[in-house]
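Q: Start counting the sequence shown at 1; every next residue gets the next number (the UniProt record's numbering).
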Amino acid sequence: MPKSDAATAVLTFTIAFEHYNEKHPHSALKYRSPCEFRRTVDSSTVV
1 MPKSDAATAV LTFTIAFEHY NEKHPHSALK YRSPCEFRRT VDSSTVV
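1. According to DSSP, is histidine 24 helix, strand or coil?
2. CA-CA distance, histidine 26 and valine 41?
3. How many Å lie between tyrosine 20 and alanine 6 at the Cα?
Following this line, the structure appears as structure tokens:
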């Protein structure tokens, strides 16, 4: 199996971190993604 170069590794990690932090459901957020959680909180906040 060939090893990736540094640029490919950085891109892969960037994509993985973005997915985890924006789309992946988290148990602490009642199995919602951070985007879904923020949308719920923003829509229920009265200004």
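For glycine and all other residues, C-beta sits at the position ideal for the given N, C-alpha and C. Here the structure is a predicted model, which means the values were calculated and not measured.
A: Here's the rundown:
1. The count along the sequence shown starts at 1 and reaches residue 24 at position 24. Residue state, collapsed to three classes: coil.
2. Here residue 26 corresponds to residue number 26 of the sequence shown, with the count starting at 1. Here residue 41 corresponds to residue number 41 of the sequence shown, with the count starting at 1. Spanning the two alpha carbons is a distance of roughly 15 Å.
3. In the sequence shown, residue 20 corresponds to position 20, counting from 1. In the sequence shown, residue 6 corresponds to position 6, counting from 1. Going by the C-alpha atoms only, they are around 21 Å apart.
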